[in-house]
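Q: The sequence shown begins at 1 in full-length UniProt numbering and counts up by one.
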Amino acid sequence: MPAIDLTNPHRAWVLAYGSLLATVAGFVNAVAILTLALPVSNVTAATMQLGMDTANPWLFESSLLAIILFGFLMGATSAGAILAPAKTVAGVRHSVIMSGEALLLILAFVCPVDTLSVFLAAVACGLQNGTTSSLRTMQIRTTHFTGTVTDLGLLMGRARRHGIDKWRAAVLSATVITFITGGIAGTLLGSRIGEAALLLPAAVCVVIAIAGIAYVRRRPLSTSSGESEPRDAAGRGGSALRQSPVRDGHPVVHA
Numbered sequence: 001m002p003a004i005d006l007t008n009p010h011r012a013w014v015l016a017y018g019s020l021l022a023t024v025a026g027f028v029n030a031v032a033i034l035t036l037a038l039p040v041s042n043v044t045a046a047t048m049q050l051g052m053d054t055a056n057p058w059l060f061e062s063s064l065l066a067i068i069l070f071g072f073l074m075g076a077t078s079a080g081a082i083l084a085p086a087k088t089v090a091g092v093r094h095s096v097i098m099s100g101e102a103l104l105l106i107l108a109f110v111c112p113v114d115t116l117s118v119f120l121a122a123v124a125c126g127l128q129n130g131t132t133s134s135l136r137t138m139q140i141r142t143t144h145f146t147g148t149v150t151d152l153g154l155l156m157g158r159a160r161r162h163g164i165d166k167w168r169a170a171v172l173s174a175t176v177i178t179f180i181t182g183g184i185a186g187t188l189l190g191s192r193i194g195e196a197a198l199l200l201p202a203a204v205c206v207v208i209a210i211a212g213i214a215y216v217r218r219r220p221l222s223t224s225s226g227e228s229e230p231r232d233a234a235g236r237g238g239s240a241l242r243q244s245p246v247r248d249g250h251p252v253v254h255a
């Protein structure tokens, strides 16, 4: 099995992008649990808690749980609407989403109403997960990991018969590890400065937005300067050969 190829710029971008956003999600979720006592990125937990509260009221605040579910859904819906016309996730639309996530996290910090802060943080997480789930190369979940761990288990279980997709396994493993890392960092910083810790992932999202624009602007330049059409012996380009007429099964090249 060949080693993981990170010399491919797109693969390197996907790995870095998924890992960084998983770190952001882990950080935001840890701060939310510390300051708001609710996991804003874990819809599975919120749904379970909502069911428990329905069976035994007063265990949890059903209104806040419903707000998390609705906010996450609205974020994912917004990501789908913004990215629907896009041919690639990196670019202006991607940068708009990352900037929007940064703004939502800042508003969650400055908002004096906890209920609204929960909603804004949940929208930010849904927006992020909807974006990473729209990748053409590989769908990446960065805010929850039931599916990610399942995919890793399937890869391992099928490895003996089919081999293992090292690239996919690396991305899945990296997102899990970086989510945990983000949770550790969010706990350490959130326990000291509270909701102000949300400003750090907001700044990271701004950096990702800028990097996305820079990446998409470099691609046409590198393609035009680094790739050339194949030429024939007379120096004709590939487009000229494609337009040449064919006679008796052979292309006719005019001198």
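Cβ coordinates follow ideal geometry from the N, Cα and C atoms, glycine included.
Report the three-state DSSP secondary structure of H144 (helix, strand or coil).
A: Along the sequence shown, one-based indexing puts residue 144 at 144. If DSSP states are grouped into helix, strand and coil, H144 belongs with coil.
Q: With DSSP run on the structure shown, which of helix, strand or coil describes D53?
A: Reading the sequence shown from its first residue, position 53 is the one you call residue 53. D53: helix per DSSP, three-state reduction.
Q: Do G18 and A79 have their beta-carbon atoms positioned less than 7 Å apart in this structure?
A: Position 79 of the sequence shown, counting from 1, holds the residue named residue 79. Position 18 of the sequence shown, counting from 1, holds the residue named residue 18. Taking 7 Å as the Cβ cut-off, A79 and G18 do not qualify as a contacting pair.
Q: For L127, count neighbouring Cβ atoms within 10 angstroms of its own Cβ and tell me buried if that reaches 16, exposed if not.
A: As a working mapping, residue 127 is identified with position 127 in the sequence shown. With 16 or more Cβ atoms within 10 Å of its Cβ, L127 is classed as buried.
Q: Do L198 and L105 have their C-beta atoms closer together than 7 Å?
A: Walking along the sequence shown from the start, residue 198 turns up at place 198. Walking along the sequence shown from the start, residue 105 turns up at place 105. Their beta carbons are under 7 Å apart, which means L198 touches L105 by this criterion.
Q: Just the C-alpha distance for S224 and R11, rounded to the nearest angstrom, thanks.
A: In the sequence shown, the residue the question calls residue 224 occupies position 224. In the sequence shown, the residue the question calls residue 11 occupies position 11. Residue placement at S224 cannot be trusted, given a pLDDT of 39 that sits under 50; what the coordinates show is reported in the next sentence. Their backbone Cα atoms lie some 20 Å apart in a straight line.
Q: Can you tell me whether T23 is buried or exposed? The criterion is at least 16 other CB atoms within 10 Å of its CB, across all chains shown.
A: If you number the sequence shown from 1, residue 23 lands on position 23. Label assigned to T23: buried.
Q: Given this structure, state the Cα-to-Cα distance separating L50 from T143, to the nearest angstrom.
A: Taking the first residue of the sequence shown as 1, we reach residue 50 at position 50. Taking the first residue of the sequence shown as 1, we reach residue 143 at position 143. Going by the C-alpha atoms only, they are around 19 Å apart.
Q: For G91, which residues in the same chain have their Cβ closer than 6 Å to its Cβ, ignoring the five residues on either side in sequence?
A: One-based indexing of the sequence shown puts residue 91 at position 91. Contacts found: V216.
Q: Is M48 helix, strand or coil when you go by DSSP?
A: Counted from its first residue, the sequence shown places residue 48 at position 48. Here M48 sits in helix by DSSP.
Q: How far does the alpha helix (DSSP H) with C125 in it extend, from its first residue to its last?
A: Numbered from its first residue, the sequence shown carries residue 125 at position 125. Element bounds for C125: D114 to T132.
Q: Touch check for the segment 178 to 192 and the segment 56 to 74: three-plus C-beta pairs under 8 Å?
A: Too few Cβ pairs lie closer than 8 Å, so no.
Q: If you follow the alpha helix (DSSP H) that V110 is part of, which residue opens it and which one closes it?
A: Indexing the sequence shown from 1 puts residue 110 at position 110. It spans V92 to V110 - the alpha helix (DSSP H) in which V110 sits, taken as one unbroken run.
Q: Would you call W58 buried or exposed, if buried means 16 or more other Cβ atoms sit within 10 Å of its Cβ?
A: The residue labelled residue 58 in the question sits at position 58 within the sequence shown. By the neighbour-count rule (16 or more Cβ atoms within 10 Å), W58 is not buried but exposed.
Q: For W167, which of F179, P39, D151 and T181 has the nearest alpha-carbon?
A: Position 167 of the sequence shown, counting from 1, holds the residue named residue 167. W167 has its Cα closest to that of D151, out of F179, P39, D151 and T181.
Q: Measuring CB to CB, does C205 end up less than 7 Å from M98?
A: Stepping through the sequence shown from its first residue, residue 205 is reached at position 205. Stepping through the sequence shown from its first residue, residue 98 is reached at position 98. A contact, by the Cβ cut-off of 7 Å.
Q: Quick check: A102 and A121, are their CB atoms within less than 7 Å of each other?
A: The residue given as residue 102 occupies position 102 in the sequence shown. The residue given as residue 121 occupies position 121 in the sequence shown. Cβ distance not < 7 Å, so A102 and A121 don't count as in contact.
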